[in-house]
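Written out below as structure tokens is the structure these notes cover.
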Amino acid sequence: MIRKAWQEWPVTLRVAIATGALMVLLGLIASQQVLSTLSSLQNERLREVAQSHVGGLKVALGSFVLHRDVWEVYDALDRAGSEGAGARILFSAVADDRGRVLASSDPTRAPIDLEFEALLSDAVPVQEVTASEGRKSVRIVEPLFVQGREVGSLLTELDVSDLLAQRRSTSLALLAANSVATLLLALTGYWIVARLLSPVELLTGQMGASGVAPQQIPAEDIARTDPAFAPLLHNFNSMIDAIDAQREAERRLADRERFVSLGRLSSSLAHEINNPLGGLLNAADTIRTYSDRPDVVRNSAYILDRGLKHLRDVSRAILEENRRDRSNALLSFEDFDDLKILFEPEANRHGQQLDWNVDFEHSPACTIPSAPIRQIVLNLLLNASSAAGKGGRVGFVAHAKSSGLDLKVTDNGPGLSEHARQRLLSETLLEPGGGVGLRLVRELVGEMGGEIALERIGDLTSILVHLPKHAPDQ
Amino acid sequence: MRRRDFIKNAAATMAMSLPFLGRAAAPFRLGLTPVFLDNDALIIDRLRSSVSAAMGESAVLIQRRTYQEITAMLLEGSVEAAWNCGFPYLQHQDRLTLIGVPQWRGRPLYQSYLITGASDTAKSLADLKGGTHAFSDPDSNSGYLVTASDLARAGSTPVEFFARTIYTYGHRNVVRSVAGGLTRSGSVDGYVWETLAQVEPSLTQRTRVVVRSEWMGFPPFAARKDRATSESVRRFATVLKSLDASDVGREILELLYLDKIVEGEESLFDSIKIRMADLPERR
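Going down the list, the protein sequences come from chains A and B.
For the first sequence, the residue numbers in this note's numbering are 1 to 474.
For the second sequence, the residue numbers in this note's numbering are 475 to 757.
So this is what it looks like as structure tokens:
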């Protein structure tokens with residue numbers, strides 16, 4: 001979902017965001033490095049401060065501890081803690097060489113002779129002192145030497161809250177500065193990338209979303225972009241021209257294909273008109289010869305009537321085929337009668353067996369326009385007839401259901417060639433020819449939101465067309 | 475602040491008084507001990523420098539940490555006179571003579587206080603058994619002898635009676651030790667405690683006086699007997715005893731919370747003698 005939304009954003013924005021994210025990452029890494037350095041510097045400073053406090057006390061205390069002079073040790077600790085610089089010392093205690101407290105700055109907490117060990121939790125030598133977050137003091141334990149001899153130990157608790165506060169404020173200031181710098185870098189990065197990618201965005205915009213035809217890029221827009229991209233944009237415009245030309249060619253081809261089927265029928269239809277003409281002329285001659293014989297005249301008039309009606313039906317079907325092409329009439333049962341009239345002579349001419357089965361269970365077809373259906377059926381029948389050959393079999397089934405209209409055209413020919421199959425079933429651009437208007441069939445079915453399927457069972461090839469009740473274009 | 479003023483002013487006043495006796499050919503050397511005043515090195519240094527400035531080359535103030543050292547200097551002649559304690563004076567009474575005794579609150583007498591922390595419930599010395607105790611100086615009457623002799627009378631010694639004893643070499647330090655909790659109890663000069671109660675009440679308020687001793691001779695000014703008749707010592711004694719007669723002198727006494735310096739009699743120290751008798755090893 002997020003991935004999809006991300007992919008829908010303009011490429012410029014995405015690249016800029018990616019650049020910004022990298023800048024932020026860089027800022028974080030840089031901040032981490034600086035904070036780490038700051039931390040070690042402050043630890044060093046803390047050690048220096050601790051060293052100076054502890055060092056001073058060690059010098060002051062050495063001989064007193066050697067002599068186990070409780071008062072002088074206490075006095076030194078008390079003064080160290082109460083005078084100016086000693087404000088940092090929260091607590092200190094000194095032990096003799098037996099590990100017993102000699103004196104501490106707070107005798108209630110560490111009275112004389114207390115086990116020194118009990119005071120040493122968390123205490124570290126001065127060189128190992130670090131300021132950890134959340135602790136406002138550090139505890140330091142150091143041995144006391146007099147003339148190279150260890151005479152006791154010193155424990156000091158130093159208040160480092162000011163150093164930690166300073167560290168915190170420095171860290172915050174640093175983070176704030178880094179954030180601002182990162183933001184500026186990200187914005188600059190966005191601006192630069194947006195500028196660099198503007199031709200790409202222009203190209204992307206003109207290509208259009210799926211289903212929308214690509215548009216030419218205006219010449220003034222090309223002039224404004226980076227000269228390095230101009231050839232690309234010109235090539236794009238040339239490609240658009242080529243695609244437009246191809247579409248126009250296809251449209252013209254489709255128009256032509258509409259007449260191909262009638263053309264194919266013309267000879268059969270001519271025979272269909274010509275064959276009854278002999279009978280009709282004979283009937284007229286008979287009337288003239290036997291004008292006094294009413295039974296003969298009546299019979300001949302009947303023959304004339306039948307023949308003329310057939311000619312009327314044929315000519316009406318032809319006219320209808322042309323007229324319907326330009327009308328918005330909806331499909332009806334009669335359309336299939338017309339189709340049968342138009343196609344039957346062609347089947348007969350080839351001595352083919354025609355199985356015709358039209359079943360209007362419902363009349364959903366009333367929502368489907370007749371002209372494209374007639375074109376589809378006629379084209380498919382002509383293809384079937386030419387595939388079936390002399391004495392072959394051609395079948396047609398139309399089945400109107402509540403969900404739509406199913407058409408099925410069958411023949412016992414050798415099956416569709418690969419070329420014909422592509423014309424019928426794929427969008428691949430192909431040279432004209434190869435089947436009577438199969439590409440036109442595909443386009444018409446597509447326009448009505450229908451589907452085409454091809455199957456071969458035994459020696460029968462069937463083309464199945466399903467058209468939904470409500471065609472999208474209707 | 476007031477404590478420092480007290481010390482500083484005392485020093486300055488002392489220095490101002492010295493020109494009276496600064497006319498002798500040899501410099502007059504007065505021994506002092508921080509046991510009585512203060513053992514703050516900075517303050518002692520100020521005292522020394524201001525006294526030197528006031529005396530010129532004619533007087534020198536000599537500071538030592540303990541009564542023992544000042545007494546030894548007095549006896550060997552390194553100083554002409556010293557403001558010492560009654561106890562070392564009596565220890566060397568055969569060789570020393572009184573040249574003046576300060577009078578405090580109308581009498582040349584003072585007491586020793588046995589003090590504890592303000593919240594301590596002890597009512598007598600016996601209640602402090604097993605605790606830690608601060609003495610000011612092993613040669614101090616009020617800061618050692620009184621408590622030690624009390625214990626001797628009870629058949630004990632400080633080492634046996636207390637878990638631990640320490641010497642602070644300063645009466646104020648005894649008060650600090652008890653106030654800060656370093657020791658449970660302490661033996662202190664009553665004059666010093668009362669003076670501190672006025673100039674540094676925050677310190678004494680953290681302590682409580684459990685026992686006050688009998689009245690005893692105030693720490694005297696003393697000189698070696700064989701030098702008592704010398705010109706400088708006699709002039710110094712005269713200056714001391716006439717301090718209350720001059721404005722400068724009264725100012726000194728006021729800052730020291732003393733009335734005046736009087737002749738003093740040997741009998742003032744009889745009560746100390748009695749206590750010394752209870753400590754035969756210290757006589």
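Just so it is clear, CB atoms sit at the ideal spot from N, CA and C, and this is done for glycine as well.
Predicted, not measured: the structure shown is a model, and the values here were computed from it.
For chain B, none of the residues of the stretch 165–199 of chain A brings a beta carbon within less than 9 Å of one of its beta carbons. Unbroken alpha helix (DSSP H) stretches of 4 residues or longer found wholly inside the stretch 529–554 of chain B: 541–550, given in chain order. At a cut-off of 8 Å, the C-beta of L656 (chain B) has a neighbouring C-beta in chain A.
Chain A places no beta carbon closer than 8 Å to that of N615 (chain B), leaving this residue out of the contacts. Between D733 (chain B) and L727 (chain B), the C-beta gap is smaller than 8 Å, which places the two residues in contact. Comparing alpha-carbon positions, the option among A:S417, A:V260, A:R135 and A:T204 lying closest to F236 (chain A) turns out to be A:T204. Excluding the 5 residues flanking it on each side, I217 (chain A) has same chain C-beta neighbours closer than 8 Å at L202, L203, Q206, L233, F236 and N237, in chain order.
Residue range A219 to R224 is occupied by the alpha helix (DSSP H) that includes I222 (chain A). For the C-beta of Y641 (chain B), the chain A residues within less than 7 Å are, from N- to C-terminus, W71. For the pair I373 (chain A) and F360 (chain A), the Cα-to-Cα distance works out to about 15 Å.
Under the Cβ criterion of 8 Å, R638 (chain B) is counted among the residues facing chain A. T606 and A608: these are the residues of the stretch 593–617 of chain B whose beta carbon lies less than 9 Å from some beta carbon of chain A, given in chain order.
DSSP places G395 (chain A) in the uninterrupted beta strand (DSSP E) bounded by R393 to K401.
In chain order, W71 and Y74 make up the part of chain A whose C-beta sits under 8 Å from the C-beta of S651 (chain B). In the three-state reduction of the DSSP assignment, P345 (chain A) falls in the helix class. Taking all protein chains shown into account, Q147 (chain A) has fewer than 16 neighbouring C-beta atoms within 10 Å of its C-beta and is therefore exposed.
Taking a 10 Å sphere around the C-beta of K699 (chain B), we find fewer than 16 other C-beta atoms and assign the residue as exposed. Those residues of the stretch 88–116 of chain A placed with their C-beta closer than 8 Å to a C-beta in chain B are A103, D106, P107, T108, P111, I112 and D113, ordered along the chain. Under a 10 Å Cβ-count criterion, F710 (chain B) is classified as buried, with 16 or more other Cβ atoms of the shown protein chains found around its own Cβ. Per DSSP, the unbroken beta strand (DSSP E) holding R456 (chain A) starts and ends at E451 to I457. At a cut-off of 8 Å between beta carbons, N558 (chain B) makes no contact with chain A. For D78 (chain A), the chain B residues whose C-beta falls within less than 9 Å of its own C-beta are R650, G654 and L656, listed in chain order. Look at the beta carbons and you see the stretch 547–560 of chain B touching the stretch 686–701 of chain B: at least three pairs across the two are nearer than 8 Å. The Cβ atoms of L677 (chain B) and V648 (chain B) lie no closer than 8 Å to each other. The residues E72, V73 and A76, in chain order, have a CB closer than 7 Å to that of F64 (chain A) in the same chain once the five nearest residues on each side in sequence are set aside.
Under the 10 Å beta carbon count, T182 (chain A) is surrounded by 16 or more other beta carbons and is classified as buried. For P468 (chain A), the enclosing beta strand (DSSP E) covers residues L460 to P468.
Partner residues in the beta bridge of I640 (chain B), as assigned by DSSP, are B:A608. At the C-beta level, L602 (chain B) and R658 (chain B) come within 8 Å of one another. Per the C-alpha coordinates, the member of B:T545, B:F609 and B:Q679 positioned closest to P632 (chain B) is B:F609.
Counted as a single uninterrupted DSSP element, the alpha helix (DSSP H) harbouring V73 (chain A) occupies residues V70 to S82. With 16 or more other Cβ atoms from the protein chains shown falling within 10 Å of its own Cβ, N379 (chain A) counts as buried. One Cα belongs to A194 (chain A), the other to L184 (chain A), and the distance between them is close to 15 Å.
Short of 7 Å from the beta carbon of V160 (chain A), and not among the five residues preceding or following it, lie these beta carbons of its own chain, in chain order: L46, A131, K136, S137 and V138.
The C-beta of A283 (chain A) has 16 or more other C-beta atoms within 10 Å across all chains shown, which makes the residue buried.
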